[in-house]
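Counting in my numbering, the sequence shown runs from 2 upward without gaps.
Here's the structure we're looking at; comments come further down.
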Amino acid sequence: MICAEKQPESKKKIRAIKSRQRNKQHGDRRKMGDAEKKDSSQTDESNLRVSTISLDFENRAVAEGFKFIAGVDEVGRGCLAGAVVAAAVILDLSKPLPNGLDDSKKITAKNRERIAEEIRENAVCYAIAQIEADEIDRINILQATKKAMSVAVGKLNPAADFLLIDALQLKEINLPQKAIIGGDAISASIAAASVIAKTYRDNLMRGLDKIYPEYGFSSHVGYGTRAHFEALRKYGACPLHRKTFRGVLS
Numbered sequence: 002m003i004c005a006e007k008q009p010e011s012k013k014k015i016r017a018i019k020s021r022q023r024n025k026q027h028g029d030r031r032k033m034g035d036a037e038k039k040d041s042s043q044t045d046e047s048n049l050r051v052s053t054i055s056l057d058f059e060n061r062a063v064a065e066g067f068k069f070i071a072g073v074d075e076v077g078r079g080c081l082a083g084a085v086v087a088a089a090v091i092l093d094l095s096k097p098l099p100n101g102l103d104d105s106k107k108i109t110a111k112n113r114e115r116i117a118e119e120i121r122e123n124a125v126c127y128a129i130a131q132i133e134a135d136e137i138d139r140i141n142i143l144q145a146t147k148k149a150m151s152v153a154v155g156k157l158n159p160a161a162d163f164l165l166i167d168a169l170q171l172k173e174i175n176l177p178q179k180a181i182i183g184g185d186a187i188s189a190s191i192a193a194a195s196v197i198a199k200t201y202r203d204n205l206m207r208g209l210d211k212i213y214p215e216y217g218f219s220s221h222v223g224y225g226t227r228a229h230f231e232a233l234r235k236y237g238a239c240p241l242h243r244k245t246f247r248g249v250l251s
């Protein structure tokens, strides 16, 4: 009788062990599924966002007989401090575009650096120009922006024979050109120029932060953030500030 009574008990234990094993397997699978979901949620935003970047404008220019199509863009136009920087980029249209290429404002800093490096390695050529704060105050930001763009275009080697420009016309340059509103989110060449200009200027401002650490240039790179305005109220303007911009001297 003792053995007969113990046998069902042992079967119950076996069933309980098997049940725990099944539950553990289900739990492991759920954890794996959650991990996969977490990994996918952390996927680079450039793979999740639908990009509007294309080579349509560049290909049309090629079809019209142009060979060296330069995208032109600027960064820092609205900043309170630092230079306005422009870049001009002639992409090698035979090579694939960098993964995640887009308007520089839509890309994380880490991805901007990666994309900028690819552009520098694979472009036919690129050039950068900057106009400092004192000249911006003297000629105004619009003229400074156009000047920076014109200088960047003039430094290209080989020279461009057609320009795709974000928003502006450069009448100072005697070249066929097309101004595209929001071009840095449409044209691959303009987007490339925006990334080159942005990475260059951000690194420039981080370097200047070591000279003027009280303003926090490494974080806001010259834009009018609350912390920047507070620093201006506390310390006043430094030589990097654009004195004609609202909020700098008030």
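In this text, a Cβ means the ideal position worked out from N, Cα and C, and glycines have one as well.
Option in the options with minimal Cα separation from residue i
i, options, result
"A124", "T226, A87, G77 and I91", "I91"
"V154", "V73, I54, S195 and T53", "V73"
"R78", "I116, L143 and S95", "L143"
"N175", "A238, V196, S151 and I54", "S151"
"I54", "Q170, K96, P97 and D104", "D104"
"P177", "L56, E231 and G66", "G66"
"L169", "Y216, L56, L102 and E75", "E75"
"I197", "K106, L56 and F218", "K106"
"I108", "K148, E122 and S195", "S195"
"D210", "T245, S52 and C239", "C239"
"A89", "R121, G208 and K111", "R121"
"A110", "N204, G237, C80 and T245", "N204"
C-beta atoms of residue i and residue j nearer than 8 Å
i, j, result
"F69", "A160", "yes"
"A84", "I132", "yes"
"I166", "G183", "no"
"R113", "T200", "yes"
"L157", "A62", "no"
"E136", "A145", "yes"
"A134", "R243", "yes"
"L241", "Y213", "yes"
"G248", "A82", "no"
"E215", "A228", "no"
"P97", "I116", "no"
"E59", "L102", "no"
"L207", "S219", "Correcting the residue identity first, residue 207 is Arg in this sequence and not Leu. Cβ atoms of R207 and S219: closer than 8 Å."
Supposed contact pair residue j and residue i - C-beta distance, whole angstroms, cut 8 Å
i, j, result
"A130", "A193", "Going by Cβ atoms, the distance from A130 to A193 rounds to 16 Å, so no, they are not a contact pair."
"K333", "E173", "The first residue shown for the chain is 2 and the last is 251, placing residue 333 beyond what the model contains."
Extent of the continuous beta strand (DSSP E) to which residue i belongs
i, result
"G223", "Looking at the DSSP string, G223 is not in any beta strand (DSSP E), and its letter there is neither H nor E."
"I182", "Counting along the chain, I182 falls outside any beta strand (DSSP E), and DSSP gives it neither H nor E."
"D167", "F163 to D167"
Reduced DSSP category for residue i - H, G, I as helix; E, B as strand; rest coil
i, result
"Y127", "strand"
"G101", "coil"
"V63", "helix"
"A82", "strand"
"D210", "helix"
"K68", "coil"
"S188", "strand"
"V249", "coil"
"S52", "coil"
"E136", "helix"
"E173", "coil"
Span of the alpha helix (DSSP H), counted from its first residue to its last, around residue i
i, result
"A153", "I142 to G155"
"A89", "Note, A89: premise wrong, no alpha helix (DSSP H); beta strand (DSSP E) at V85 to I91."
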